[in-house]
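The structure appears below as structure tokens.
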Amino acid sequence: MLGDPVLRAPSRPVETIDAEVRTLIDDMIETMHAYDGIGLAAPQVGVPIRVFVYDVREPEVEPGVLINPEVVESAGLVKESEGCLSIPNLTEIVERASDVVVRGLDRNGEETTITASGLLSRCLQHEIDHLDGVLFIDRVSPLKRRLLLGKWAKMDESERRPAPAL
Ligand code: ZN
Numbered sequence: 009m010l011g012d013p014v015l016r017a018p019s020r021p022v023e024t025i026d027a028e029v030r031t032l033i034d035d036m037i038e039t040m041h042a043y044d045g046i047g048l049a050a051p052q053v054g055v056p057i058r059v060f061v062y063d064v065r066e067p068e069v070e071p072g073v074l075i076n077p078e079v080v081e082s083a084g085l086v087k088e089s090e091g092c093l094s095i096p097n098l099t100e101i102v103e104r105a106s107d108v109v110v111r112g113l114d115r116n117g118e119e120t121t122i123t124a125s126g127l128l129s130r131c132l133q134h135e136i137d138h139l140d141g142v143l144f145i146d147r148v149s150p151l152k153r154r155l156l157l158g159k160w161a162k163m164d165e166s167e168r169r170p171a172p173a174l
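Right, dumping it as structure tokens:
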């Protein structure tokens, strides 16, 4: 949740994809689905390693996991509304690349490349940001960020429960 230092620190690369990492991946997929999320990064569950899972619930997009991901190409710009499981009930328009090519490892350590546009592209960029300690509120204007943080400060615990988001 916003305020946890783990969300603000860069996560470290995974050196060995062992049983512990695979268990974490399974737990993260379960958590993502439980909260109706479309993506979840390891630091969001308190583990500072470079792993995220995604499931944008589009029939043509296979859900998956990416380990040690990097954006190798990006093109275009698009503005869309965005939210985050770690900052429940806040959304804002965020400008991001419209198309990206992302490379990383799958759960078996095989290199995998994803060419993405639309919601998947936004999701991948949002999750990679998490691995660098960056949140979507960092990608809006200072004025909008102040408004968002002001709203957050006024919320009580029940409003801060995760809602469908990334
Ligand atoms: Zn998020």
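Residue numbers (our numbering): 9 to 174. We treat Cβ as the ideally placed atom computed from N, Cα and C, and that holds for glycine. Just so you know, these numbers come straight off a predicted model, no measurement behind them.
message = In the DSSP output, which residue or residues are listed as bridge partners for ALA124?
response = The count along the sequence shown starts at 1 and reaches residue 124 at position 116. According to DSSP, which records beta bridges pairwise, ALA124 is partnered with VAL108.
- Residues in its own chain within less than 7 Å of LEU10 by CB, not counting five upstream and five downstream? On the sequence shown, position 2 is the one that residue 10 refers to. Take LEU10, set aside five residues on each side of it, and the residues of its chain with a beta-carbon closer than 7 Å to its own are SER94, ILE95, TRP160, in chain order.
* Length of the line joining the Cα atoms of ARG169 and LEU113 -> Numbered from 1 along the sequence shown, position 161 holds the residue referred to as residue 169. Numbered from 1 along the sequence shown, position 105 holds the residue referred to as residue 113. Going by the C-alpha atoms only, they are around 31 Å apart.
Query raised in the report: Just the Cα atoms here: how many angstroms apart are GLU133 and VAL79?
Result: Numbered from its first residue, the sequence shown carries residue 133 at position 125. Numbered from its first residue, the sequence shown carries residue 79 at position 71. Note that residue 133 is Gln in the sequence shown here, rather than Glu. Those two C-alpha atoms are separated by around 8 Å.
task: Pick out whichever of ARG30, VAL22, GLU70 has its Cα sitting closest to the Cα of LEU127.
output: The residue you call residue 127 lines up with position 119 of the sequence shown. Ranking the options by Cα distance to LEU127, first place goes to GLU70.
Kindly examine the ligand ZN and report whether one of its heavy atoms sits closer than 8 Å to the Cβ of LEU143. The residue given as residue 143 occupies position 135 in the sequence shown. Correct: LEU143 has its Cβ closer than 8 Å to the ligand ZN.
- Query: Does the ligand ZN have even one heavy atom less than 8 Å from the beta-carbon of GLN133?
  - Reply: Here the question's residue 133 lines up with position 125 in the sequence shown. Not under cutoff, so the answer is no.
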